[in-house]
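Report on one structure; see the data block that follows.
There are 2 protein chains.
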Amino acid sequence: MYAAILAGGTGTRLWPRSREHLPKQMLDLVTDRTMLQETVHRVTPIIPVERIFVVTGRNYASLAREQLPELPPENVIVEPCGRSTAPCVGLAAVHILRRDPHAVMASLHADHAIRDAEGFRKALLAAGDVAQDGVLVTLGIQPAYPATGFGYIHRGEQVATSRGLPVFQVRRFVEKPPLPQAQAYLESGEYYWNSGIFIWKAATILEQMRLLLPDLHGQLMRIAAALDGPRASEVLEEVWREVRPVSIDVGVMERARQVLVLPLDVGWSDVGDWAALADLLPRDAQGNVVVRTTHVGLETTGTFIYGSERRLVATLGLKDLVIVDTGDVLLICPKDRTQDVRLLVERLREGGKEEYL
Amino acid sequence: MYAAILAGGTGTRLWPRSREHLPKQMLDLVTDRTMLQETVHRVTPIIPVERIFVVTGRNYASLAREQLPELPPENVIVEPCGRSTAPCVGLAAVHILRRDPHAVMASLHADHAIRDAEGFRKALLAAGDVAQDGVLVTLGIQPAYPATGFGYIHRGEQVATSRGLPVFQVRRFVEKPPLPQAQAYLESGEYYWNSGIFIWKAATILEQMRLLLPDLHGQLMRIAAALDGPRASEVLEEVWREVRPVSIDVGVMERARQVLVLPLDVGWSDVGDWAALADLLPRDAQGNVVVRTTHVGLETTGTFIYGSERRLVATLGLKDLVIVDTGDVLLICPKDRTQDVRLLVERLREGGKEEYL
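Here the protein sequences come in this chain order: L and W.
Last residue of the first sequence: number 514 in this note's numbering, and the count goes up by one each step with no gaps.
Last residue of the second sequence: number 514 in this note's numbering, and the count goes up by one each step with no gaps.
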């Protein structure tokens with residue numbers, strides 16, 4: 158099995174820790190390793206580093222290579238600019254197919270957290286076995302609550318079992334639902350969160366792109382043809398300028414004839430905002446999560462304090478607040494508003510405060 | 158007229174800005190001047206600096222002299238240790254009486270803010286005229302709301318007018334009341350907040366101490382007798398060790414036969430906590446008060462942000478919070494809990510975190 162790790166994201170909901178020059182996947186948020194390092198480390202027991210590819214942007218390539226010294230440098234594939242996930246996955250597939258025409262690849266995100274790495278690897282291997290048959294496979298997350306921030310997968314009938322895990326038909330991919338719908342999905346037991354984790358043969362996904370995204374497929378073939386020649390990076394650059402951004406979900410998964418899904422119940426999180434990060438970290442008796450700082454609190458509960466090393470944080474009478482201190486920026490908001498941190502970042506951008514972005 | 162400015166306080170409710178080595182009166186909280194400087198500056202149009210005495214503790218004497226270079230250094234009277242306000246006032250009276258046996262003195266606190274300095278000086282002069290007759294005079298603050306954190310003065314009948322201001326008998330000094338009582342006081346129109354500002358002849362207050370606090374009076378006389386000799390500071394030290402702490406309110410004012418009160422309506426504040434300070438500072442359209450920092454806020458109202466210079470404070474969805482950042486400490490609490498900041502300081506003391514006190 159091969160892995161393609163998508164590491165080009167530039168999200169703003171973990172601002173002010175994540176910055177334009179240092180995005181979430183490059184940060185040590187959940188453990189002492191960065192999320193990218195953790196993502197690689199999670200699969201190396203079943204995928205040797207030579208078979209792990211990281212796709213990222215120009216700005217982050219050297220950082221990715223620094224953080225992953227064990228990875229062959231050429232395994233860091235540099236996108237000239239962001240074109241959403243379908244081109245990115247296609248580019249990785251081109252590189253992988255060149256190594257091995259029969260390769261099965263897992264497409265992973267560099268900024269997800271998974272508690273049970275062993276269970277995750279087991280699911281990957283089970284999905285890999287299924288993918289040998291030339292089908293598109295995804296892992297569906299057992300929903301823990303009626304989330305409105307994720308897309309869902311409506312499963313159909315069970316078609317097989319792989320390494321003890323059930324394999325279902327995908328009936329439909331569903332957009333992020335409003336709350337009542339999300340509640341109905343949760344209760345039905347037939348829906349999974351769309352993890353964005355896919356397993357397929359490199360040849361299979363490229364064939365699907367030929368059928369569903371023929372322009373992109375043609376562009377990828379031009380890149381593939383130049384890959385071993387002296388003009389590889391020039392061709393990539395030229396072609397990429399023309400590539401139309403489209404997500405793998407919209408471009409392929411929602412339109413493919415057949416997709417299979419295996420359930421994944423391993424403590425998955427996309428660490429989508431500060432509240433989600435707080436949920437992953439140990440809390441004290443008052444339900445407070447305190448990271449990298451000294452905290453003295455009175456009547457303070459459910460509060461997440463993410464500090465810079467040498468400052469004392471003193472709180473009194475607080476409930477469910479998020480306090481993030483990065484030295485140059487202090488962010489304070491209620492836990493249930495952390496999704497809107499991106500609005501603050503927009504405000505800063507409008508205000509020309511580039512130094513804080 | 159003379160002034161005795163009491164500058165020995167060590168309050169903790171403006172922590173973490175106020176510290177053991179740098180108490181509230183030594184800080185530039187309300188204006189660019191420190192509160193002590195402001196207190197001196199407020200009276201110099203009617204009291205020359207040679208007649209202004211500052212009484213403070215050993216730890217703060219050099220700081221007081223530094224902050225008041227225009228004051229004769231010997232006008233900073235150093236208490237060997239804190240003994241509450243009656244001994245402190247008595248000590249100042251001894252010094253003032255030595256200069257002028259007929260002196261009228263105003264006893265002022267170094268950590269009060271007054272918006273209308275002109276009106277304040279007018280009231281001081283009016284009270285000074287009344288005090289010439291050998292009575293105890295105080296200024297009563299027109300209450301702005303049913304405060305439970307101040308003592309009250311119940312006024313009796315009007316006995317005179319001085320410089321256009323009515324002069325009332327004091328019927329009674331009242332302890333800090335519970336809220337319903339405070340509301341009744343406010344509605345009656347007969348009550349003032351006890352400002353702790355007193356005007357009397359130095360001879361009058363010492364005579365009252367002879368009657369009401371004879372031990373203290375004797376001790377003060379021993380100090381007075383040694384004042385011009387070589388053992389002045391030794392005697393002060395010896396005597397002060399024996400002095401019993403007692404406040405001027407409990408020791409004299411509540412027990413004196415006759416006290417007169419003049420109303421004071423000049424925007425007085427004791428700046429008793431962070432919320433009180435916020436009330437004194439200009440607010441923006443959202444009711445936020447932002448001091449010494451850059452603030453970017455979304456849906457943030459009624460919040461007081463007191464920053465350290467170079468940090469950006471970003472807030473989202475906050476209401477009526479206090480955020481104080483002193484560089485080494487970050488304090489966050491609701492505005493209506495700022496009175497309890499002292500509890501945090503106690504907790505730090507118990508926890509041995511001396512470096513933050």
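Each residue gets a CB set at the ideal place from its N, CA and C atoms; glycine is no exception.
All of these numbers come straight from a predicted model, not from anything done at the bench.
Within chain W, partners of residue i - CB distance below 8 Å
i, result
"Ala435 (chain L)", "Neighbours of Ala435 (chain L) on chain W: none; closest Cβ ~16 Å, over 8 Å."
Within-8 Å CB hit, residue i to chain L
i, result
"Tyr348 (chain W)", "no"
"Ile489 (chain W)", "yes"
"Leu501 (chain W)", "yes"
"Asp441 (chain W)", "no"
"Pro226 (chain W)", "no"
"Pro387 (chain W)", "no"
Chain-ordered chain W contacts of residue i [CB-CB under 7 Å]
i, result
"Ile480 (chain L)", "Ile489"
"Gly509 (chain L)", "Residues of chain W passing the Cβ test: none, with the nearest at roughly 12 Å."
Chain W contact for residue i (CB, 8 Å cutoff)
i, result
"Thr188 (chain L)", "no"
"Arg494 (chain L)", "yes"
Chain-ordered chain L contacts of residue i [CB-CB under 7 Å]
i, result
"Tyr513 (chain W)", "Leu469"
"Leu505 (chain W)", "Val453"
DSSP beta-bridge partners of residue i
i, result
"Trp425 (chain L)", "L:Ile271"
"Gln496 (chain L)", "Gln496 (chain L) is not bridged to any residue."
"Leu501 (chain W)", "Bridge partners of Leu501 (chain W): none, in fact."
"Thr295 (chain W)", "W:Phe355, W:Val418"
"Ser319 (chain L)", "L:Leu322"
"Arg506 (chain L)", "Beta-bridge pairing links Arg506 (chain L) to no other residue."
"His311 (chain W)", "W:Arg329, W:Tyr348"
"Leu163 (chain W)", "W:Val212, W:His266"
"Pro491 (chain W)", "W:Leu478"
"Arg190 (chain W)", "In DSSP, Arg190 (chain W) forms no bridge with anything."
"Leu179 (chain W)", "W:Arg176"
Contact list for residue i against chain L, beta-carbon separation under 9 Å
i, result
"Asp497 (chain W)", "Leu455, Glu456, Leu473, Gly474"
"Asp485 (chain W)", "Arg467, Arg468, Leu469"
"Pro173 (chain W)", "Leu469, Ala471"
Residue i vs residue j beta-carbon contact at 8 Å
i, j, result
"Phe210 (chain W)", "Ala270 (chain W)", "no"
"Leu369 (chain W)", "Leu248 (chain W)", "no"
"Ile234 (chain W)", "Ala359 (chain W)", "no"
"Phe330 (chain W)", "Met410 (chain W)", "yes"
"Val481 (chain L)", "Trp431 (chain L)", "yes"
"Leu293 (chain W)", "Gln365 (chain W)", "yes"
"Ala471 (chain W)", "Val453 (chain W)", "yes"
"Trp350 (chain W)", "Ile405 (chain W)", "no"
"Ala284 (chain L)", "Leu296 (chain L)", "yes"
"Leu282 (chain W)", "Arg240 (chain W)", "no"
"Gln496 (chain L)", "Arg170 (chain L)", "yes"
"Met262 (chain W)", "Tyr159 (chain W)", "yes"
"Glu394 (chain L)", "Pro237 (chain L)", "yes"
"Arg272 (chain L)", "Gly424 (chain L)", "yes"
"Ala433 (chain W)", "Ser426 (chain W)", "yes"
"Val212 (chain L)", "Leu163 (chain L)", "yes"
"Pro244 (chain W)", "Val407 (chain W)", "no"
"Val486 (chain L)", "Tyr463 (chain L)", "no"
"Ala288 (chain W)", "Ile356 (chain W)", "yes"
With a floor of 3 residues, list each beta strand (DSSP E) that falls wholly inside the region 342-429 of chain L, ordered by position along the chain. 348-358, 416-421
What are the start and end residues of each continuous alpha helix (DSSP H) run of 4 or more residues lying completely inside the region 202-288 of chain L, in chain order? 218-224, 242-256, 274-288
Going along the chain, which unbroken runs of the beta strand (DSSP E) with 3 or more residues stay wholly within the region 435-487 of chain W? 446-448, 451-455, 461-463, 469-473, 478-482
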